[in-house]
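Protein sequence lines, in the order shown, are assigned to chains A and B. Letter by letter, the first sequence follows residues 475 to 844 of the working numbering. Letter by letter, the second sequence follows residues 66 to 354 of the working numbering. For glycine and all other residues, C-beta sits at the position ideal for the given N, C-alpha and C. Please read these numbers as outputs of a predicted model, since none were measured by experiment. Below is one structure, written out as structure tokens; comments come after it.
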Amino acid sequence: MKLFEYMGKELFASYGIPVPEGGVVSAPEAAAGLTEKIGSVVVKSQILSGKRGKAGGIGFTDNPAEAVELAGRMLGSELRGFTVEKVLVEKKLKIDKEFYLAITVDGAARKPVILASSQGGMDIEEVPEEYIVKTLLDVTIGLSPFVAREVTRRLGVSGQVAKQIAAILGNLYRMFVELDAELVEINPLVISGEEVIAADAKVTIDDDSLFRHKELPVVEERTSAEKKAHELGLSYVELDGDIAVMANGAGITMATLDMIQYYGGEAANFLDAGGGAGVEQTAKALELLLSKNPKAILINIFGGITRCDDVANAFAIVKKNMDITVPVVIRLAGTNEDRGREILRENGVEAYKFMQDAAAKVVEIAGGRN
Amino acid sequence: MAIYINENTNVLVQGMTGNQGSFHTRQMVNYGTKIVAGVSPGKGGQDLDGIPVYDTVAAAAEKHRIDASILFVPAPFARDSAFEAIDGGAKVLVLLPEHIPLHDAMAIMAFARSRGTVIVGPNTFGVVSSGKCKIGIMPNQFFVPGDIGVISRSGTLCYEIVGNLTAAGYGTSTVVGLGGDRVVGLNFIEVLAEMEKDPETKAIVMLGEIGGSAEEEASLFIKENITKPVVAYLAGKSAPPGKRMGHAGAIIERGKGTFDGKVKALNSAGVPVAELPFQVPGLIAEALK
């Protein structure tokens with residue numbers, strides 16, 4: 475779950491990481507008071523995407539009326555595919571130098587990793603490797619102060635600035651662990667005179683840990699269909715094509731989408747129904763697929779623990795109770811496939827044995843690419 | 066001699082009395098796995114088809130030699146159960162659950178490393194040395210003995226391809242499900258190294274997917290260390306960047322983990338990549354010529 479910048483900064487502040495003076499508003503008028511109080515401000519659109527500056531989502535002013543106008547222009551507008559619902563009005567910093575500081579998970583090393591750079595302000599992917607200080611952490615000792623001292627030494631900073639960056643790093647790690655974060659990123663970390671301040675905040679919380687973080691705000695990034703699928707325990711992602719897909723298993727679902735593309739079609743979604751697709755689950759999944767008005771539906775089941783006859787029965791029941799208006803292509807293989815095939819045949823559906831044949835067929839029915 | 070597990074491996078099942086635990090315990094017993102005990106807190110003294118159930122791993126270990134354990138506990142409790150298995154001396158631990166918190170997975174890996182326990186998963190179907198021992202939830206009928214080693218990041222897709230191999234007359238030596246999460250125990254490199262040494266494995270199939278860098282790192286390793294033929298299939302060619310395709314690890318982020326990058330890396334290590342899953346047996350036949 476990604477958090478908005480203002481949420482990340484509120485968390486930073488609570489973890490002792492300095493952030494600029496400011497406040498978040500959802501009505502333009504509220505920007506006036508803040509600007510009056512702070513003076514020179516930056517007005518930042520709150521969306522779950524970077525590169526806001528280039529898209530016109532960030533503005534500067536020291537005039538309260540102008541701040542209201544800026545906020546008014548941003549609020550409600552579409553920016554990089556998101557609607558701006560809140561803007562952050564905060565003190566414009568005098569920037570002497572910009573650093574990059576983040577802690578994330580290195581999957582290959584199976585450990586947390588600190589990424590730091592003296593070349594802050596730009597995307598870390600654009601920073602040459604030799605300017606990135608990368609330090610793997612051992613979770614059994616955590617971030618011991620010596621690690622932070624070494625990071626600041628390698629960043630080439632000293633004195634008060636080094637001390638402050640080391641302290642920020644310690645607090646950032648505490649936050650990373652306590653909030654079960656996947657990513658805590660400060661870019662840029664601004665050096666302003668003797669002060670070190672987090673000018674931006676990117677925080678992503680591990681979805682699988684949310685059950686133990688009731689204290690955190692809820693940020694919904696999914697579409698309503700994706701949200702519904704999640705509640706049903708289905709793994710669902712909306713895509714741009716017109717062939718709806720349901721399969722059992724993430725890998726085989728991806729492979730099914732790839733095959734549709736291979737034969738010249740485009741999938742409308744990724745839907746992994748998982749193991750043990752019962753009648754109710756199958757029905758709900760089909761309902762979801764139909765709600766997106768696809769040209770055709772492909773169901774690809776490889777029965778392992780999932781039994782093909784169970785899936786066929788579920789489909790037959792759904793077909794009786796629901797008005798399925800688009801062609802459905804089904805592939806069944808594996809456990810009890812003959813029985814499954816028979817059940818489908820009794821219900822007027824001829825199941826395919828191989829997934830490539832089913833994929834080719836559904837693309838043909840949908841009429842290939844638009 | 067199979068790798069990781071064999072016909073003499075004594076297996077413990079944690080969470081054996083639950084629905085999934087009891088169903089799959091019976092499936093594993095049917096396959097021939099030596100399940101010696103189960104653990105379900107509060108259920109000590111019961112049994113499942115004569116297999117004794119204990120309250121704790123330590124209690125089970127007092128009565129049985131435990132070589133490996135498999136977890137059927139809900140994700141929020143997996144960390145504690147995994148620690149208990151590692152502390153109890155399991156040398157191989159299969160973590161089936163999906164949705165184990167990332168920080169819990171990192172803690173489990175660190176403790177396992179300090180005790181020398183091999184972790185399979187999380188979010189895996191398990192590991193099987195065909196015809197000898199199955200620790201996992203894969204359907205028994207597809208895993209017949211042979212000389213192809215299979216290493217996979219996904220489950221059903223692996224059954225599909227192992228099914229294709231079986232139909233083409235190729236059985237399997239050992240099949241390892243690495244797991245679909247971002248942080249997993251065994252990786253391609255570690256299993257490739259074992260399969261290289263394993264006299265029962267003649268050729269290796271890698272089933273990868275988009276996201277992460279496991280395939281790229283494996284490619285470098287293959288170039289230097291693997292003499293046996295390796296073929297691959299990768300899922301996710303059509304996946305758009307930034308979208309998690311079911312598995313937590315299957316996401317193209319910041320331009321990393323792309324399909325094309327992985328194919329290029331594998332090809333440069335001499336590993337052919339099948340365009341469609343059913344082409345894998347053909348590539349194996351070609352490689353074994």
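task = Check whether the Cβ atoms of B:ALA313 and B:ARG247 lie closer than 8 Å to each other.
result = If you number the second sequence from 1, residue 313 of chain B lands on position 248. If you number the second sequence from 1, residue 247 of chain B lands on position 182. Yes; because the gap between Cβ atoms is below 8 Å, this pair is in contact.
request  = Taking B:PRO166 as the query, report the chain A residues whose CB atoms sit under 7 Å from its CB, ordered along the chain.
outcome  = Locating residue 166 of chain B in the second sequence gives position 101, where the first residue counts as 1. The contacting residues are ASP654, ASP680, ASP682 and SER683.
ask   = If the cut is a Cβ gap below 9 Å, which residues of chain B does A:ASP783 touch?
value = Here residue 783 of chain A is taken as the residue at index 309 of the first sequence, counted from 1. Result: empty, since nearest Cβ-Cβ is about 14 Å, beyond 9 Å.
query = Rounded to whole angstroms, how far is the Cβ of B:HIS168 from the Cβ of A:ASP680, which I believe are closer than 8 Å?
reply = Within the second sequence, numbered from 1, the residue matching residue 168 of chain B stands at position 103. Within the first sequence, numbered from 1, the residue matching residue 680 of chain A stands at position 206. Rounded, the Cβ-Cβ distance is 7 Å, consistent with contact.
Contiguous beta strand (DSSP E) assignments of at least 3 residues, all confined to the region 208-241 of chain B = 210-217
query = Between the region 208-221 of chain B and chain A, which residues of the former have a C-beta closer than 9 Å to a C-beta of the latter?
reply = SER217, ARG218, SER219, GLY220 and THR221
key: Contacts that B:GLU340 makes with chain C (C-beta to C-beta distance below 8 Å)   = Absent here is chain C; the protein component of the structure consists of chains A and B.
query = Does any CB atom of chain A fall closer than 8 Å to the CB of B:MET171?
reply = As a first step, residue 171 of chain B must be located in the second sequence, where it is residue number 106. For B:MET171, the answer is yes, since a Cβ of chain A falls inside 8 Å of its Cβ.
message = Please classify B:MET260 as buried or exposed, where buried requires at least 16 other C-beta atoms within 10 Å of its C-beta.
response = For the purposes of this step, residue 260 of chain B is identified with residue 195 of the second sequence, where counting begins at 1. The residue in question, B:MET260, is buried, as its Cβ has 16 or more Cβ neighbours within 10 Å.
inquiry  = Counting only Cβ pairs nearer than 9 Å, list the residues of chain B close to A:GLU599.
reply    = Within the first sequence, the letter at position 125 stands for residue 599 of chain A. In chain order: ARG319, GLY320 and LYS321.
query = Quick one, are the C-beta atoms of A:GLY667 and A:LYS565 less than 8 Å apart?
reply = For the purposes of this step, residue 667 of chain A is identified with residue 193 of the first sequence, where counting begins at 1. For the purposes of this step, residue 565 of chain A is identified with residue 91 of the first sequence, where counting begins at 1. No, they are not a contact pair.
key: Beta carbon proximity, A:ALA741 to chain B, threshold 8 Å   = On the first sequence, position 267 is the one that residue 741 of chain A refers to. Cβ-Cβ to chain B under 8 Å: yes for A:ALA741.
query = What are the residues that DSSP puts in a beta bridge with A:SER519?
reply = Stepping through the first sequence from its first residue, residue 519 of chain A is reached at position 45. A:VAL561.
message = Which of the three DSSP states is assigned to B:GLY115 in this structure?
response = The residue labelled residue 115 of chain B in the question sits at position 50 within the second sequence. The answer is coil: DSSP assigns B:GLY115 none of H, G, I, E or B.
query = Are the C-beta of A:ILE726 and some C-beta of chain B separated by less than 8 Å?
reply = Along the first sequence, read from residue 1 onward, the residue named residue 726 of chain A stands at position 252. Chain B, which has a Cβ nearer than 8 Å to the Cβ of A:ILE726, makes this yes.
key: chain B contact for A:ILE521 (CB, 8 Å cutoff)   = Mapped onto the first sequence, residue 521 of chain A falls at position 47. No, because no Cβ of chain B sits closer than 8 Å to the Cβ of A:ILE521.
query = Under the rule that 16 or more other beta-carbon atoms within 10 Å means buried, what is B:ILE70, buried or exposed?
reply = As a first step, residue 70 of chain B is located in the second sequence; it is residue number 5 there, counting from the start. Counting Cβ neighbours within 10 Å, B:ILE70 comes out buried, since at least 16 surround it.
Cα-Cα separation, A:GLN434 to A:PRO586 = Residue numbering for chain A in the displayed model covers 475 to 844; residue 434 of chain A lies beyond these limits and cannot be assessed.
ask   = Can you tell me the Cα-Cα spacing of A:PRO768 and A:GLY723, whole angstroms?
value = To locate residue 768 of chain A, count along the first sequence from 1; it is residue 294. To locate residue 723 of chain A, count along the first sequence from 1; it is residue 249. So the alpha carbons of these two residues sit roughly 21 Å apart.
task = Go to A:THR678, then tell me how far its beta strand (DSSP E) extends in each direction, as first and last residue.
result = Your numbering for residue 678 of chain A matches position 204 in the first sequence. Here the beta strand (DSSP E) through A:THR678 covers 676-679.
query = Since B:GLU85 is in the alpha helix (DSSP H), which residue starts that stretch and which ends it?
reply = Here residue 85 of chain B corresponds to residue number 20 of the second sequence, with the count starting at 1. In the sequence as presented, Glu is not what sits at residue 85 of chain B; that position holds Gln. Where B:GLN85 is concerned, the enclosing alpha helix (DSSP H) stretches over 84-96.
Inter-residue CB distance, A:VAL558 and A:GLN593 (contact presumed, cutoff 8 Å) = Here residue 558 of chain A corresponds to residue number 84 of the first sequence, with the count starting at 1. Here residue 593 of chain A corresponds to residue number 119 of the first sequence, with the count starting at 1. No, A:VAL558 and A:GLN593 are not in contact; Cβ-Cβ is about 29 Å, not under 8 Å.
task = Count the other C-beta atoms from every protein chain shown that fall within 10 angstroms of the C-beta of A:VAL692, then say buried if there are 16 or more, exposed otherwise.
result = Taking the first sequence and counting its residues from 1, the one referred to as residue 692 of chain A is at position 218. Flag for A:VAL692 reads exposed.
message = For A:THR727, which residues in the same chain have their Cβ closer than 6 Å to its Cβ, ignoring the five residues on either side in sequence?
response = Stepping through the first sequence from its first residue, residue 727 of chain A is reached at position 253. So the list reads ALA721, PHE744 and ASP746, once near-sequence residues are dropped.
key: Inter-residue Cα distance where the pair is A:ILE775 and A:THR756   = Counting from 1 along the first sequence, the entry for residue 775 of chain A is found at position 301. Counting from 1 along the first sequence, the entry for residue 756 of chain A is found at position 282. Those two C-alpha atoms are separated by around 12 Å.
task = Can you grab the Cα-Cα spacing for the pair B:VAL345 / B:THR221, in whole Å?
result = Looking up residue 345 of chain B in the second sequence gives position 280. Looking up residue 221 of chain B in the second sequence gives position 156. Approximately 15 Å between the Cα atoms of the pair.
query = Residues of chain A with CB under 9 Å from B:GLY245, in chain order?
reply = On the second sequence, position 180 is the one that residue 245 of chain B refers to. Chain A residues near B:GLY245: ALA724 and GLY725.
key: For A:GLY496, the three-state DSSP class (helix, strand or coil)   = By 1-based counting over the first sequence, the position of residue 496 of chain A is 22. Strand at A:GLY496.
inquiry  = Using the Cβ count rule (16 or more neighbours within 10 Å means buried), how would you classify B:ASN84?
reply    = Walking along the second sequence from the start, residue 84 of chain B turns up at place 19. By the 10 Å Cβ count, B:ASN84 comes out exposed.
key: Inter-residue spacing [alpha-carbon to alpha-carbon] between A:PHE573 and A:VAL664   = As a first step, residue 573 of chain A must be located in the first sequence, where it is residue number 99. As a first step, residue 664 of chain A must be located in the first sequence, where it is residue number 190. Roughly 6 Å separates the two Cα atoms.
key: Neighbour list for B:GLY301 in chain A, Cβ cutoff strictly below 9 Å   = Within the second sequence, the letter at position 236 stands for residue 301 of chain B. In chain order: GLY725, MET728, ALA729, LEU731 and ASP732.
request  = Please list the segments of the beta strand (DSSP E) lying wholly inside the region 112-190 of chain B, counting only runs of 3 or more residues, in order along the chain.
outcome  = 116-119, 133-136, 157-160 and 183-185
inquiry  = Any contact between the region 698-705 of chain A and the region 820-838 of chain A? By contact I mean 3 or more CB pairs, one from each, below 8 Å.
reply    = no
Limits of the beta strand (DSSP E) - the one that A:ALA655 falls within = Stepping through the first sequence from its first residue, residue 655 of chain A is reached at position 181. Run containing A:ALA655: 655-666, per the beta strand (DSSP E) assignment.
request  = State buried or exposed for A:GLU603, treating a residue as buried only when at least 16 other CB atoms are found within 10 Å of its CB.
outcome  = Locating residue 603 of chain A in the first sequence gives position 129, counting from the first residue. Exposed, by the Cβ-count rule.
query = Under 8 Å Cβ-Cβ, which residues of chain B neighbour A:PRO849?
reply = Since the displayed chain A opens at 475 and closes at 844, residue 849 of chain A lies outside it and no answer follows.
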